[in-house]
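Worksheet: one structure, shown below.
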Amino acid sequence: MIKKFTASACKFTLVVVFALLTFSTNAQSISTEPAAISAGESLFNANCKACHRVHQKLVGPALAGVHDRAPSIDWIKAFVKNSSKVIASGDEYANKLYNEYNKTQMTAFSSFKDEDIMNILAYVKAETDKPATPTPTPGVEPAGGATAATGASLPSEYLNVILIGMIVILILLLVVLGFLVSALKRFLDDKQLSEEDKEVVSSTITVGSITRSSGFIFVVVFLVAGLGFKAVINNLFSIGVQIGYAPKQPIAFSHKIHAGQLEIDCKYCHVGVTKGKSATIPTVNICMNCHNQVKSGATTGEGEIAKIVKAWETKKPIEWIRIHNLPDLAYFNHSQHVSVGGVECQTCHGPIETMDVVRQHSLLTMGWCIDCHRKTDVNSKGNAYYDNLVELHSQSKKTPMKVEDIGGLECSKCHY
Amino acid sequence: MEESKKIYWKGIEQLANHPEFVKHAHNEFAPGPEPEEDPGHSRRDFLKMMGFGMSAVALAACEAPIRKAIPYINKPVDLDPSVPNYYASTYINGGDYASIVVKTREGRPIKIDGNALSSVTQGGTSAQVEASVLSLYDNARLRGPKIGKDKISWEDLDKQVIAKLKSIAAQGGQIRIVSNTIISPSTKAAIEKFKATYPTTQVVQYDQTSAFGIVKANEESFGAAIIPSYDFSKAKVIVGVAADFIGSWVSPIEFTKQYALTREVTETKREMSRHYQFESIMSITGANADYRVQIKPSEEGAVVTQLYNLLAAKAGRPTVTGGVDKPNLGKAAEELWANRGAALVVAGSNDKAIQVIVNAINDILGSYGTTINTALPVNYRQGDDLAMANFVNELEGGKIDVVIFYNCNPVYDHPSGEKIAAALKALALSVATAYKEDETGTLTNYLAPDHHFLEAWNDAEPKPGHYSLGQPAITPIFKSRAAQESFLIWSGETNVDYFEVVKNNWKNWFYTGQTLDFQSFWDKCLYDGVFEKPTTLMATTPTFGGNVSAAASAIASNYKTSQWELVLYESGNIGNGSQANNPLLQELPDPITKATWDHYVTVSPKDASGIDFSESITKYYTITANGKTVKLPLLVQPGQTPGTIGIPVGYGRTKAGKVADNIGENVYPMVTMVNGSLSYNAVDVKFEATTETYQIAQTQTHNTYMGRETVVQETILESFKDKHWEREFQPSVATWMKDDHKAKPDELNMWKGHEYKDHHWAMSIDLNTCTGCAACVVACNVENNVSLVGREEVINRREMHWLRIDRYYSSDAPADDWAGVEVAAENPEVVFQPMLCQHCNNAPCETVCPVAATTHSTEGLNQMTYNRCIGTRYCANNCPYKVRRFNWFKYHDNKQFEVSNPAMNTDLGKMVLNPDVTVRSRGVMEKCSFCVQRIQGGKLNAKREKRKLKDGDVDTACAAACSTGAIVFGDLNNPESRISKLLKIRPQDPKHPYKMDKVADNPRAYRVIEEIGVKPNIWYLTKVRNKDSAKA
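Heads up: the sequence lines are chains A and B, in that order.
According to my numbering, the residues represented by the first sequence are 1 to 416, in order.
According to my numbering, the residues represented by the second sequence are 1 to 1032, in order.
Below you can see the structure in the form of C-alpha cells.
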C-alpha cells in the first residue's frame, strides 16, 4: 500500500507509520520504509553483528523471523535493553534461549531507544523477507583487489571466443578454397594446354613434398624453438614466485571467520603493522583475549581452539608457516605502507577476509612492487613531511605526485 | 707556499720506494693473489654446469622451502619485533669506563653508542667500547659454573665454596680477593659484606697499565693518594711526556673529548691549544701533537726535570740537579710560563719521582684549580703495585689459603703471572669469577662466571658525585651469575637479587635530598643512565709539599741509558688484551702502525736501515728484557726514537679463545718494578735478528695518492689567524675557451647534474679534530655487518672495512724531488684522514657499471645494490678514492672464516648482526652506504609523526661514534642543519636551490681530488697546526 505512494509523500507516510506504531505493537507495524531499514542496518552492523547474523547462528541466534518467533515486540525490546532482567524474571522463552546458548548472556543495550530497536527489526525483517541468496559476506564489495582481478579476466574470455570464431572462419575459408582449386583444375584439365603449363597444373603437392620443403622445415624449427624459448623464459620468471601458496597451518585459523564474519580489525591482531617493518603474527596472548571465553569454533568445533589454549598453558609457541616470504636482500616496512601510505591490507594481501586458508595473493616480485610505486599517489595530505615535495612537484607537473616521483623506484629504497 | 710542498707517504715501502712497491703501486688490488678455490673449472665446465643448474633450479623451485614464523607466547609490552629499543647502561672493563646507550633488536644488543647525558664521557666511545658488543657473543664464554674441568650446579658450587670458606676462616686462614680497579660502589659494598663474614679477607687491586706512581706522587705532594681530574679543555698549552692521553692514559675517552675542544678552529675562533709531546714511540697522542720531540725512554725523568728547572728559574724556586736538554723544551717552558693558569703538563710514567716533579711543574703553572682538580679525584686506576707485589710474595710463601679472582686475569696480565700460576696449585680454595675461562681461570678450583656487562645490573662511580647505572640489555645467555651475587651468597645471604641490592644502595646513598619519589628518581636514573649530584666540590688549590730534589736524585740514580731501550705500550686496537678475543679489534688496523692480527716489535727507520726488508715482509727478532725472551717480527715505525724498541701489550694470549690464542707473545713479564711501582720501560734490552722471515698483515700500502696537496691540505695557525686566509691549493682546470682560461672544477659539468628535492645528504670531516682513534671504524663495522676476513685475507688486501683511516707521514723533501722522498723524515708530522665512499655527485663508479648495480639516488647517495651486482669490479677500478670493497669469498656460513668472522659463522655470533642490513654474499661489491638504513629509519619516523625531518634525526654510525665531533653528517637542503652552518653551504645557482651543486664558503672546506670533477658529498676541513712555521 505504501509502495504506491509517491516519493513526495514519503514524509507523510512516516508520520502515519509512527502514529500507527504508537497505537499497536504487533508484527505488522514493523516498518518496511527504506529509511528505517538503512538506519537499522547501520545500528545492526555497529552493535549486533559481533554476535548475530540474520540468517546464520553465531554466538547468538540467527535473527531471521525473530519478530514472528519471539513472544512479542515488547519482549524483544525488553530483552535487548536488559536481557538479564528478563531472564531473572523467570520468563520461559528467555530462559530457554539462555540455556540453549551455553548460558551466554547478551550484552545489555540500555542506551537503545525503542525506535532504534524497531529500526533494527525493520532491517532484520527486510533481510528475512529477501529471497534466499547466499549470505553476502561483508567486505567482498570494498575489496578493490578482488574486483580488479575479475575485471581483468573478462577480456581474456572474449578473446577466446573471438579466437575460436576466427579459427572456424579460417577452416571454412580453407574448405571453400579447396573446392575452388579442384573446380579450377577440372576446368583446366578440359582445356588444351602446353606441356609446361600442363606440368604446372597437374603437379601434385604431396604431404611428403611439403614436409621436405625447406620453408616448411624452417617454419617448424622456428616455431618449436620460439615456443620452447618462451616456455623456458616463463618458467624462469616463475622461479621463486609462490603466488597462491597456501600451506596447511598448525591451527586451522580462518580469516574468513575472524576478519570476514566477525569483522575484527586487522590491526587488533597484527599489532606491529603500524609500528615496524613486520606486521607480526599475533602472539598467543592476543588470541587468548577472546578465546579465554570462546572455546568452540563455528566450523572446527573445539579441537582447533584447544590448540591455542594448550600453547598458552604449556608456554610452547605456535609454529606458523610463513606465507609471504621476501628475499633477505629486500627491505619492506609495513608501517611505511600502512601508517604513512595508508595502503589497505587487501591491496597486497587480497580478499583476506574471504580466505579460510590464507594464500599468497600477490606476486611479491620486484616488478609487482615497482608497478605499484609507479601507479600510486603519495598519501601526502596532512603530512608535513611531504609539504615541500608536493609544492615542488606541483610547480613542474599537473599530475598527482606518485611514489615514483619522489624516488620510489630507487634501489636503496628497498635494497641495503 | 713552502709548507704545501710536503710529501705524505703512506708507508715505509712507499718511502723506501722499494722496487716491488713501485711495481704494484698503481694496482688497486694485491699483486696476483692465489686463485681462491679449485681453479680446475674451465669456461666449458661453466656452460655444462649452467645447463644442469638451470634444470635443477627449475625443479627445486617447485617446492618452496618452508619458513616458520614463531610469535611470542606473551609479548613483552615494550618490545615490538623489528623496532629497536635503546637502554642506557655502563661499560666497565676493569677501570675503563664509559656511559653508553645500547641498541637492542628483539632483545639482542646489536650496537653501542655513547651516552651524551654523562658529563664524564659526554657521549664519547672508543674502539674498545664499540667492539665490546661482540664480546657478549664470544664463543669462548663460560656456559655455567665449573669445578676444574667439570660442570657443576650453582647450588653445589655455593655449598662447597661456603663450606671451604667457613672451615678456612675458622682456622684463621688468609683470604684474598684479587681484582682490577673496582669502580662500582655496589660491588665494593658486596665485597665489604663478604669481608664482614670472613674477616681475614683483603682486597688487592691491580691494573694492567698501572698508575700507582701518580697516586703515590699525589700522596707525597698533597697528602691525598688520588688521581686528580684533568681538564684538557681549559689548557692553552699542553705538554705530554710519554703520556698517551688520547689512546690509553687514565681516561682517554674523556681526555679526547676535552682535547678536541681546544683543537677546534672556526672562522670566529681562530685559536687553538699548542701541544708538545716528548715521547719515544709514535703514540696516537704524539701523532696529534704540534711539536713532537723524540726522547729515549730513560730520558723521561730527565726531560721532566729539565722542564721543572726551566720553570723553577722563572718562578724563583730552587732548581734541582739533573735534566737533559731537548729541542723545543725551552720553547715549551716559555709558553707554559706565559700561559700560567691555562697550562697542563702530564707524564705517562708510572714512577712516583717523575710524577712528583710533574706535580711541582703544574704547581708552578697554577694548573691546580684550573686544569687539574684534586678535589674531584677519578677512580679509574686504583691498583696498588706494592700490595700486589706483597700478595705475590705471600702467595708464594704459602701464607694465603683462599684467592678469589674477581674478573681479572693476573696470570696473563701481571708481571708476576707465572709466579701466581705456580702458587695457585697449592691453594686450598681458588675461585675465578671472570665471564671467560682465561689463563687464570683454568688454574683455579672453581669457576663462578659473572655476566657480561651487557647482561648485568651494576653501577659505577667514575668520580665522586658522578654515578652511572649499568642496566642489562639482554637476559643472561648462559648460566652465569652476577659476581656480586656470588659474594653475597658466599657471605651467607640467601635469596639475593643483585638488582634489588643495587636499587637499595642507590636509595640509601644517592636518593637523599631528592624531591621526586624514589620510584620516579630510580626510573629517571635508569632512563638517563647517569645520576650526577650537583657538585659542591670546588676546585681547590692544594699546597704542594713534595720533595723535588729527592725526586730528581731518584731519577738520576734510577735511569741509565743503554743501547736498546724498550717501551711496552697499549696499542690502539687490542689495548691491554682483555678483549683480545674480539675479532673486531684484531682486524682493526692499529691507528699508527696499521697492522692487524699481528704482534710486532717497532723500531725506528734508522735502526732498521741495515736490515733488508721489502713490502711487509720482515724478519723475526728476539728481544730479551727482565729475563724474558720473546720472538717477534720487526715493524719499522717512523718517528720512533733511534735506539728504542716498542712492543704492544695485549698479545700472546693462550686461553682467550680461538681468535686471540697464539698471536704474538705475552710481554707483561717484561714489566719491572722501579722505585716502588711498575715500569713499562726497560733498559739493557737484548735485541737480535734471526733469519726467519714473516709478513705482517698491514692495511697501509695498498692505495697510493699522487699529487698529494689535493688529498690532504693543511696550514699553520699563524696563517689561519689572518681573516683573509685562503687555502693554498685551489685547483683549476684549463678549458677550451681561451688559452689561459681556467675554471674551477665546480663550474664544469659533463652531465646535466642531479636535482635533490627532498634531502641532500653530506658529510664534513674535520682533520683538525680527528685524532685517528678509529672508534668510527668499529662502529661502522658493527652497524653495517661488515665482514671480518682474517689475517691471510688482509695480507691479500681484501679487508672489507667501509671506512678506513688513512694515516700519512710527511717527508721533508719537496714534492718534485722524487729522490728526496726516499730520505726518511727524522720525525714526521702525521695526518689522519678518514676515507669512505665520497658519494660523488658525478660518481665515476656509476657510469662504468654494466648492470646499473650502482646508481644515484634523489638524495645524493651513491647507492650500491648487491642483488644486481655481478662482480665485474669495474666500479672499484674507476673509483678515485679506492673505497669499494669486493667480496672475494662468501664470508658468512663458511667454516673457513669461523675464527675471524664469528658474527656471521656461529649461531651465537650471529646475534650481533644488524637485521636491517643485508649480509653480503660472495662476488658482489660493497661500500659505505651513508648508513642508508638509518636515513630511511629517520625519515620513516618523521613521516609517521607527520612532521618535517629535523637535523639530528639521522646520523651515521661513524658520526655518532666520533668522540671529538670531527665527523658531521646532515642535510644540505636544510639551512638550519649543523653541517649547512658548519660548511656555510649555499647553492651554486640561487635560482635552483635544489640542484646538486652546492658551494661551501667555509674557508677550510675542501674536497679530496676536487679537480677531477666528481663532486663528492664529503668535505674535509683543512688541518691547522699550531706551529710557528711549517718546518717541524
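Beta carbons are placed, not taken as given, at the ideal position from N, Cα and C, and that holds for glycine.
>> Using only CA atoms, which one of GLU826(B), LYS631(B) and MET272(B) lies nearest to ALA813(B)?
In response: Residue mapping note: residue 813(B) aligns to position 813 of the second sequence, counting from 1. Ranking GLU826(B), LYS631(B) and MET272(B) by Cα distance to ALA813(B) puts GLU826(B) first.
>> In whole angstroms, give me the CA-to-CA distance for LEU788(B) and TYR416(A).
In response: Counting from one through the second sequence, the residue named residue 788(B) turns up at place 788. Counting from one through the first sequence, the residue named residue 416(A) turns up at place 416. If I take the Cα positions, the gap works out to 19 Å.
> Count the other CB atoms within 10 Å of the CB of LYS742(B); is the residue buried (16 or more) or exposed (fewer)?
Replying inline: The sequence position of residue 742(B) within the second sequence is 742, counting from 1. Under this definition LYS742(B) is an exposed residue.
> Taking a cut of 8 Å between CB atoms, which residues from the region 290-318 of chain A lie near chain B?
Replying inline: From the region 290-318 of chain A, only ALA311, TRP312, LYS315, LYS316, PRO317 and ILE318 have a Cβ closer than 8 Å to chain B.
>> Whole angstroms are fine: how far does the CA of ARG108(B) sit from the CA of SER380(A)?
In response: Residue mapping note: residue 380(A) aligns to position 380 of the first sequence, counting from 1. Residue mapping note: residue 108(B) aligns to position 108 of the second sequence, counting from 1. Going from the Cα of SER380(A) to the Cα of ARG108(B) covers about 35 Å.
> CA-CA distance, VAL603(B) and GLY646(B)?
Replying inline: Your numbering for residue 603(B) matches position 603 in the second sequence. Your numbering for residue 646(B) matches position 646 in the second sequence. Taking the Cα positions, VAL603(B) is about 7 Å away from GLY646(B).
>> Would GLU859(B) pass as an interface residue toward chain A - the criterion being a Cβ-Cβ separation below 8 Å?
In response: Taking the first residue of the second sequence as 1, we reach residue 859(B) at position 859. So yes, GLU859(B) belongs to the interface.
>> Do THR365(A) and VAL241(A) have their beta-carbon atoms positioned less than 8 Å apart in this structure?
In response: On the first sequence, residue 241(A) is found 241 positions in, with the first residue counted as 1. On the first sequence, residue 365(A) is found 365 positions in, with the first residue counted as 1. Yes; because the gap between Cβ atoms is below 8 Å, this pair is in contact.
>> Taking 7 Å as the limit between beta carbons, can you name the residues of its chain near ALA333(B), skipping five residues before and five after?
In response: As a working note, residue 333(B) is residue 333 in the second sequence. Cβ neighbours of ALA333(B) beyond the five flanking positions: LEU307, LEU310 and LEU311.
> Under a three-way DSSP split, which group does THR137(A) fall into?
Replying inline: Against the first sequence, residue 137(A) aligns to sequence position 137. Reliability fails at THR137(A), whose pLDDT of 44 lies under 50, so the model's placement of it is uncertain and no value is given.
>> Check whether chain B comes within 8 Å of LYS275(A), counting only Cβ atoms and requiring the distance to be less than that.
In response: Within the first sequence, numbered from 1, the residue matching residue 275(A) stands at position 275. Chain B contact via Cβ: present.
>> Using a Cβ-Cβ distance cut-off of 8 Å, determine whether ARG322(A) contacts chain B.
In response: In the first sequence, residue 322(A) corresponds to position 322, counting from 1. So, interface residue.
>> In the DSSP assignment, the beta strand (DSSP E) including LEU344(B) goes from what residue to what residue?
In response: Along the second sequence, read from residue 1 onward, the residue named residue 344(B) stands at position 344. Element bounds for LEU344(B): 343-347.
> In angstroms, rounded to a whole number, what distance separates the CA positions of MET272(B) and ARG340(B)?
Replying inline: If you number the second sequence from 1, residue 272(B) lands on position 272. If you number the second sequence from 1, residue 340(B) lands on position 340. Each residue's Cα considered, the two are about 16 Å apart.
> Does DSSP put TYR101(A) in a helix, a strand or coil?
Replying inline: Working through the first sequence from its first residue, we reach residue 101(A) at position 101. In the structure shown, TYR101(A) falls within a coil segment according to DSSP collapsed to helix, strand and coil.
> What residues match up with SER99(B) in a beta bridge as DSSP calls it?
Replying inline: Residue mapping note: residue 99(B) aligns to position 99 of the second sequence, counting from 1. According to DSSP, SER99(B) bridges with THR90(B).
>> Tell me which residues share the same chain as PRO844(B) and place their Cβ nearer than 7 Å to its Cβ, disregarding the 5 neighbours each side in the sequence.
In response: Here residue 844(B) refers to the residue found at position 844 of the second sequence. Hits under 7 Å: ASN878, CYS879, PRO880 and VAL1014.
>> Give me the subset of the region 62-79 of chain B whose CB atoms are less than 9 Å from a CB atom of chain A, sorted by chain position.
In response: Within the region 62-79 of chain B, the residues whose Cβ lies closer than 9 Å to any Cβ of chain A are, in chain order, ALA64, PRO65, ILE66, ARG67, LYS68, ALA69, ILE70, PRO71, TYR72, ILE73, ASN74 and LYS75.
> Going along the chain, which residues of its own chain have a beta-carbon closer than 8 Å to the beta-carbon of LEU949(B), five neighbours each way excluded?
Replying inline: Mapped onto the second sequence, residue 949(B) falls at position 949. Only HIS759, GLY938, LYS939, ALA942, ASP971 and ASN974 meet the Cβ criterion.
>> In chain order, what are the residue ranges of uninterrupted beta strand (DSSP E) at least 3 long that sit wholly in the region 383-407 of chain B?
In response: Counting only runs of at least 3 residues, the region 383-407 of chain B fully encloses the following beta strand (DSSP E) elements, listed from N- to C-terminal order: 402-406.
> Which residues in chain A sit within 7 Å of LYS757(B), going by Cβ to Cβ distance?
Replying inline: Mapped onto the second sequence, residue 757(B) falls at position 757. In chain order: LEU389 and LEU392.
> Of the residues that make up the region 921-943 of chain B, which ones have a beta carbon closer than 7 Å to any beta carbon in chain A?
Replying inline: Result list: SER929, VAL932, GLN933, LEU940, ALA942 and LYS943.
> If you follow the alpha helix (DSSP H) that ASN309(B) is part of, which residue opens it and which one closes it?
Replying inline: Reading the second sequence from its first residue, position 309 is the one you call residue 309(B). 300-315 is the extent of the alpha helix (DSSP H) around ASN309(B).
> Any Cβ of chain A within less than 8 Å of the Cβ of LYS946(B)?
Replying inline: The residue you call residue 946(B) lines up with position 946 of the second sequence. Taking Cβ atoms only, chain A reaches closer than 8 Å to LYS946(B), which makes this a yes.
> Along chain B, which residues have their Cβ under 9 Å away from the Cβ of ASP328(A)?
Replying inline: For the purposes of this step, residue 328(A) is taken as the residue at position 328 of the first sequence. The contacting residues are THR918 and VAL919.
> Which residues, in order along the region 828-855 of chain B, keep a beta-carbon less than 9 Å from a beta-carbon of chain A?
Replying inline: Answer in chain order: ALA852, ALA853, THR854 and THR855.
> Taking the alpha carbon of ALA259(A) as the point to measure from, which residue in ASP356(A), GLU391(A) and TYR385(A) has its own alpha carbon closest?
Replying inline: Locating residue 259(A) in the first sequence gives position 259, where the first residue counts as 1. In terms of Cα proximity to ALA259(A), the closest of ASP356(A), GLU391(A) and TYR385(A) is ASP356(A).
> Which of the residues in the region 347-371 of chain A, read from start to end, lie with their CB under 7 Å from any CB of chain B?
Replying inline: Taking 7 Å as the Cβ-Cβ cut-off against chain B, none of the residues of the region 347-371 of chain A qualify.
>> Let me confirm a value: ASN289(A) is counted as buried when at least 16 other C-beta atoms fall within 10 Å, else exposed. Which label applies?
In response: For the purposes of this step, residue 289(A) is identified with residue 289 of the first sequence, where counting begins at 1. Answer is exposed; the Cβ neighbour count stays below 16.
> ASN681(B) to PHE687(B), Cα distance in whole Å?
Replying inline: Within the second sequence, residue 681(B) is the residue found at index 681, counting from 1. Within the second sequence, residue 687(B) is the residue found at index 687, counting from 1. Rounded to the nearest whole angstrom, the C-alpha separation of ASN681(B) and PHE687(B) is 15 Å.
>> Assuming MET835(B) is part of the beta strand (DSSP E), what are its boundary residues?
In response: For the purposes of this step, residue 835(B) is taken as residue 835 along the second sequence, with counting starting at 1. Looking at the DSSP string, the run of the beta strand (DSSP E) that includes MET835(B) is 830-835.
> With distances taken from CA atoms, which of CYS931(B), PRO76(B), ALA88(B) and VAL917(B) is nearest CYS473(B)?
Replying inline: Position 473 of the second sequence, counting from 1, holds the residue named residue 473(B). Just to set this straight, residue 473(B) is Ala in the shown sequence, not Cys. Ranked by how close their Cα comes to the Cα of ALA473(B), the residues CYS931(B), PRO76(B), ALA88(B) and VAL917(B) have ALA88(B) in first place.
>> If I measure Cβ to Cβ from THR150(A) and keep anything under 6 Å in the same chain, skipping five residues before and after, which residues do I get?
In response: As a position in the first sequence, residue 150(A) is number 150, starting the count at 1. Its pLDDT being 40, under 50, THR150(A) is placed unreliably in this model, and the value from its coordinates should be taken loosely. Answer for THR150(A): no residue qualifies.
>> Quick check: ARG143(B) and LYS479(B), are their CB atoms within less than 8 Å of each other?
In response: By 1-based counting over the second sequence, the position of residue 143(B) is 143. By 1-based counting over the second sequence, the position of residue 479(B) is 479. In this structure, LYS479(B) lies closer than 8 Å to ARG143(B) by Cβ.
> Are the C-beta of TYR206(B) and some C-beta of chain A separated by less than 8 Å?
Replying inline: In the second sequence, counting from the first residue as 1, residue 206(B) sits at position 206. No - not a single Cβ of chain A is within 8 Å of the one on TYR206(B).
>> Run through the DSSP bridge pairs and tell me what GLU714(B) is partnered with.
In response: Locating residue 714(B) in the second sequence gives position 714, where the first residue counts as 1. According to DSSP, which records beta bridges pairwise, GLU714(B) is partnered with LYS1023(B).
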